[in-house]
Amino acid sequence: MRRKLAAGNWKMNGLGANLAELEKLSGLHGAPDCEILICPPATLISTARVQAGEQIAIGGQDCHENTSGAHTGDISAEMLKDAGASHVILGHSERREDHDESDSDVRQKACAAIEAGLKVVICVGESLEERETNNTLDIIGGQLAGSIPDQVTGENLVVAYEPIWAIGTGKVPTLDQIGEVHDFIRTRLERRFGEGVGRSARILYGGSVKPGNASEIFAVSNVDGALVGGASLKADDFSAIITALEKA
Ligand SMILES: O=C[C@H](O)COP(=O)(O)O
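Just so we're aligned, residue 83 is where the sequence shown starts under the working numbering, counting upward by one.
Written out as structure tokens, the structure reads:
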């Protein structure tokens, strides 16, 4: 039985004062029936680790593929771990688009993260044009094959399906469309890694998840939780999503 996961990606939002939302969230979910992960900006990871309490995991939003060296402005997986992170989001579409990250880049980062002892949340997702030209499954299949390294386990791999056109737009695929992609991802994971890893890895949906639509999304087959952007910034909103996941 896979443990459900509610993950919040704060993206480039949050100053020290915003950690009050994390403290509030921690107070609201002292004994959650699912895993909770918050990925704040890197500047807040150390303090967030202290303020989150034991029930909330803290993650990074990206890492470099090397462990150290002359890479001004970058952060290694080991540094994230050292700061208190247990997870890292990799291959988010905003990184793939804004920083030209390829599947191969994502795979190398994932290798470094796993080596450092982090769990990886690897994002995949199609553009609107790719969906409208019926290429969604081809695109997702290619991203899965190229981005996920061989050495993942059922415990350290999380895949997040995030249709690019649904991120921050208020648009959400139909439940059938979400189910089709999640079933496809599960099948691909089982085929490549065997049933052990393939059935244990969590698959999250991300893209305009809100308190109002979370329950119906969590009822879809092979949806093991959500990767939430905007609605993870406010403790009350994210708490409502967590509660929906606990009930699913
Ligand atoms: O990482 C999170 C996703 O990009 C979803 O963002 P959103 O919930 O604001 O649409």
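We put the CB at the ideal spot given by N, CA and C, even for glycine. Keep in mind the model is a prediction, meaning the values are calculated, not measured.
Original post:
How do the region 151 to 163 and the region 220 to 236 stand: do at least 3 beta-carbon pairs fall below 8 Å, yes or no?
Top reply: no
Original post:
Can you check whether the CB of Ala242 is closer than 9 Å to the CB of Leu286?
Top reply: Translated into positions along the sequence shown, residue 286 becomes position 204. Translated into positions along the sequence shown, residue 242 becomes position 160. Yes; because the gap between Cβ atoms is below 9 Å, this pair is in contact.
Original post:
Where Asp265 and Ile323 are concerned, what is the direct C-alpha to C-alpha distance, given to the nearest angstrom?
Top reply: Start at 1 with the first residue of the sequence shown, and residue 265 comes out as number 183. Start at 1 with the first residue of the sequence shown, and residue 323 comes out as number 241. Straight-line Cα distance between these residues: approximately 22 Å.
Original post:
Apart from the five residues on each side of it in sequence, which residues of its chain come closer than 8 Å, Cβ to Cβ, to Gln133?
Top reply: As a position in the sequence shown, residue 133 is number 51, starting the count at 1. Excluding sequence neighbours, Gln133 sits near Leu101, Leu104, Glu105, Ser108.
Original post:
Quick one: is Gly309 buried, meaning 16 or more other Cβ sit within 10 Å of its Cβ, or exposed?
Top reply: Residue numbering aside, residue 309 sits at position 227 when the sequence shown is read from its first letter. Before going further, note that residue 309 is Leu rather than Gly in the sequence given. Burial call: buried.
Subject >> Per DSSP, the bridge partner or partners of Lys292 >> reply: As a first step, residue 292 must be located in the sequence shown, where it is residue number 210. Answer by DSSP bridge pairing: none, since Lys292 is not bridged.
**OP:** Give the range of the beta strand (DSSP E) segment to which His169 is assigned.
**Re:** The residue labelled residue 169 in the question sits at position 87 within the sequence shown. Note, His169: beta strand (DSSP E), 169 to 172.
**OP:** Check whether the Cβ atoms of Cys121 and Gly90 sit closer than 9 Å, and answer yes or no.
**Re:** Here the question's residue 121 lines up with position 39 in the sequence shown. Here the question's residue 90 lines up with position 8 in the sequence shown. Their beta carbons are under 9 Å apart, which means Cys121 touches Gly90 by this criterion.
Subject >> Sequence ranges, beta strand (DSSP E) only - wholly within the region 121 to 204, length at least 3 >> reply: 138 to 142, 169 to 172
**OP:** Using a threshold of 9 Å, state whether the C-beta atoms of Ile299 and Ile249 are closer than that.
**Re:** Indexing the sequence shown from 1 puts residue 299 at position 217. Indexing the sequence shown from 1 puts residue 249 at position 167. Cβ distance not < 9 Å, so Ile299 and Ile249 don't count as in contact.
**OP:** Assess, as a yes-or-no matter, whether the region 165 to 175 is touched by the region 141 to 155 under the definition of 3 or more beta carbon pairs within less than 8 Å.
**Re:** yes
Subject >> Cα-Cα separation, Ala139 to Arg84 >> reply: Translated into positions along the sequence shown, residue 139 becomes position 57. Translated into positions along the sequence shown, residue 84 becomes position 2. Using only the alpha carbons, I get a separation of about 17 Å.
Original post:
In or out: His153 buried (at least 16 other Cβ within 10 Å) or exposed?
Top reply: Residue mapping note: residue 153 aligns to position 71 of the sequence shown, counting from 1. His153 comes out exposed.
**OP:** Report yes if the C-beta of Val310 is less than 8 Å from at least one heavy atom of ligand 1; otherwise report no.
**Re:** In the sequence shown, counting from the first residue as 1, residue 310 sits at position 228. Yes - ligand 1 has a heavy atom lying nearer than 8 Å to the Cβ of Val310.
**OP:** Please go through the same chain and pick out, in chain order, the residues whose beta-carbon is closer than 7 Å to the beta-carbon of Asn238, but skip the five residues on each side of it.
**Re:** Looking up residue 238 in the sequence shown gives position 156. Ile196, Lys201, Val202, listed in sequence order.
Original post:
Can you tell which of Thr129, Glu183, Asp182, Lys191 has the C-alpha that lies nearest to the C-alpha of Ser150?
Top reply: Numbered from 1 along the sequence shown, position 68 holds the residue referred to as residue 150. Minimum Cα distance to Ser150 is reached at Lys191.
Original post:
How many whole angstroms separate the CB atoms of Gly236 and Ser282, which I take to be in contact at a CB cut-off of 8 Å?
Top reply: Here the question's residue 236 lines up with position 154 in the sequence shown. Here the question's residue 282 lines up with position 200 in the sequence shown. Indeed they touch by this definition, with Cβ atoms about 2 Å apart.
Original post:
Buried or exposed: where does Ala167 fall if 16 or more other Cβ atoms within 10 Å of its Cβ makes it buried?
Top reply: Within the sequence shown, the letter at position 85 stands for residue 167. With 16 or more other Cβ atoms within 10 Å, it is buried.
**OP:** May I ask you to list the residues that DSSP assigns as paired with Gly90?
**Re:** In the sequence shown, residue 90 corresponds to position 8, counting from 1. According to DSSP, Gly90 bridges with Ile120, Val310.
Original post:
What's the call for Asn216, buried or exposed, on a 16-neighbour Cβ count within 10 Å?
Top reply: One-based indexing of the sequence shown puts residue 216 at position 134. Asn216 should be labelled exposed.
Original post:
Per DSSP, which one or two residues make a beta bridge with Val240?
Top reply: Sequence index remark: in the sequence shown, residue 240 carries index 158 (1-based). Per DSSP, Val203, Arg284.
**OP:** Using alpha carbons as the reference points, say which of Pro293, Arg284, Arg268 lies closest to Lys316.
**Re:** In the sequence shown, counting from the first residue as 1, residue 316 sits at position 234. Residue Pro293 is the option with its Cα nearest to Lys316.
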